[in-house]
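Below is one structure; the comments refer to it alone.
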Amino acid sequence: MKLKQTLRQWLVDVLGQRDDRFYWRQPLGAITLPANARLCLWQPDGKLGDAIITSMLLCDLAAQRPDVKVTVVVEPGLQSFWRALPQVQEALSCRQARTALRDAIGACHVFVSFETFLSLETLLLLRALQPAMAIGYNVGRYRIFDRSLVCTSYEWPRKHIAARLHNLCELLSLQHLGRNPLPEVLPAHRTERSTLPPHQGPMVFLNTHAAGADRTFNASTVTWLIQQLHSAGPQARILLSVPGAARADWLARIEALPASARNAVALTPDNTSLWEMMWLVQQCDMVVSPDTAVVHVAAALNKPVVAFYRDRAYNPLVWAPLCPHHQQVLPKDTEPCSVNDFDPETAAQALHSMLHAPAT
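Everything in the sequence shown is counted per my numbering, starting at 133 for the first residue and increasing by one.
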């Protein structure tokens with residue numbers, strides 16, 4: 133297996149024309165897209181958080197270049213998200229065969245790869261498409277890209293991942309407006325079961341899970357968060373989002389809470405869709421979540437958010453919530469890091485601050 137990975141990486145380096153000097157001397161200069169140009173956004177390994185931030189580019193295009201046609205290639209679970217956004221003509225699955233993707237994308241003026249690490253599949257698709265320009269958003273060191281934006285965020289001092297959107301817009305002769313399309317398109321996707329009944333007091337969306345145990349709240353943390361939120365705002369109601377397999381356990385845990393706290397907690401509907409989850413967040417007044425996509429959904433909807441991170445250096449800076457009212461809770465300086473290993477006093481202050489943040 134290791135030999136196979138080594139050979140595959142060697143092939144990527146050869147076909148991609150790896151040159152480590154290229155990483156530090158990127159060709160600069162803005163370009164102007166021709167009329168009715170086709171822009172392909174390639175994001176095969178992106179998650180919802182990546183998509184939320186990347187989608188801000190569509191607001192820039194809609195306002196300044198409505199003639200540009202956008203095709204995105206993403207994980208199947210994100211196709212419905214992208215199809216709802218302005219200027220997206222097609223949202224294709226990255227699981228399709230390369231020839232099918234090539235035929236579906238068609239003539240492509242600019243190809244932007246948001247892939248974290250350059251893959252052989254990307255190289256072969258690029259060779260098949262032969263775009264007029266290829267841009268590496270996250271990947272440097274390869275001459276197959278005419279432009280690379282990676283060093284603008286990974287050099288020291290590090291910058292937020294969205295800083296590359298500014299650079300991409302400058303490259304495409306656009307002004308980055310910093311707007312997100314989600315608030316405009318979300319109401320069309322609300323459902324009856326994801327619409328909350330009228331309530332008094334603030335509603336808090338408490339997301340418990342993320343990718344991996346070190347990014348997921350354990351039962352003790354969730355119970356502590358519920359107690360702290362109830363203490364900071366006795367009128368607050370808490371909408372608890374848990375994985376489907378854990379619902380029965382959490383119903384039992386909620387019943388074990390003191391009566392005043394128990395009556396303030398409810399679970400989200402079972403098997404909520406992506407759009408239903410985002411509509412629930414839209415109706416809440418505050419969001420508490422580990423470092424995951426829900427943080428960026430909350431930020432896009434301009435909600436006060438308390439984000440718990442599993443590391444102290446990289447994610448809190450590069451992936452900070454893009455909203456005016458947010459607090460970050462970092463883990464203690466220990467190994468291994470976990471979102472559950474935080475200073476209780478700091479976290480309690482963050483929860484109180486955001487629960488009483490001014491309405492936006």
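Backbone N, C-alpha and C define an ideal beta-carbon position, used for all residues, glycine too.
Whole-angstrom distance between residue j and residue i, CA atom to CA atom
i: T186; j: A295; result: 11 Å
i: A229; j: L257; result: 10 Å
i: Q332; j: V426; result: 24 Å
i: E477; j: T203; result: 47 Å
i: L224; j: V206; result: 6 Å
i: E302; j: F246; result: 17 Å
i: T284; j: M335; result: Confidence is the limiting factor: at T284 the pLDDT is only 46, short of 50, which leaves the residue's position unreliable and the question unanswerable from this model.
i: L449; j: L399; result: 31 Å
i: G353; j: F474; result: The sequence given here has Thr at residue 353, not Gly. In a straight line, the C-alpha of T353 is about 10 Å away from that of F474.
i: A162; j: W174; result: 21 Å
i: K136; j: L255; result: 18 Å
i: D177; j: S392; result: 43 Å
i: E324; j: F213; result: 19 Å
i: C226; j: A364; result: 45 Å
i: V282; j: A232; result: 29 Å
Cut-off 6 Å between Cβ atoms - residues of its own chain near residue i, not counting five sequence neighbours on either side
i: R379; result: none
i: A432; result: I184, N312, L314
i: P490; result: none
i: A169; result: V200, H241
Spatial neighbours of residue i in its chain, beta-carbon cut-off 7 Å, leaving aside the 5 residues before and after
i: L261; result: R234, I237, C240, F243
i: L250; result: V144, G148, V271, Y274
i: G376; result: D402, N403
Beta-carbon proximity of residue i to residue j, cut-off 9 Å
i: S373; j: T327; result: no
i: M410; j: L297; result: no
i: V461; j: V429; result: no
i: P436; j: C455; result: yes
i: S485; j: R347; result: no
i: L483; j: L361; result: yes
i: L357; j: V420; result: yes
i: I267; j: L300; result: yes
i: A388; j: R369; result: no
i: Y446; j: P463; result: no
i: H321; j: E222; result: no
Collapsed DSSP secondary structure at residue i in the structure displayed
i: K201; result: strand
i: W451; result: coil
i: A398; result: strand
i: W156; result: The predicted position of W156 is uncertain, since its pLDDT is 44 and thus under 50; no value can be drawn from it.
i: H321; result: helix
i: P422; result: strand
Distance between beta carbons of residue j and residue i, contact taken as under 8 Å
i: V200; j: L147; result: Contact doesn't hold; Cβ gap of about 29 Å is too wide.
i: L193; j: Q219; result: 5 Å
i: H101; j: A452; result: With the chain represented from 133 up to 492, any question about residue 101 goes unanswered, as that position is not in the structure.
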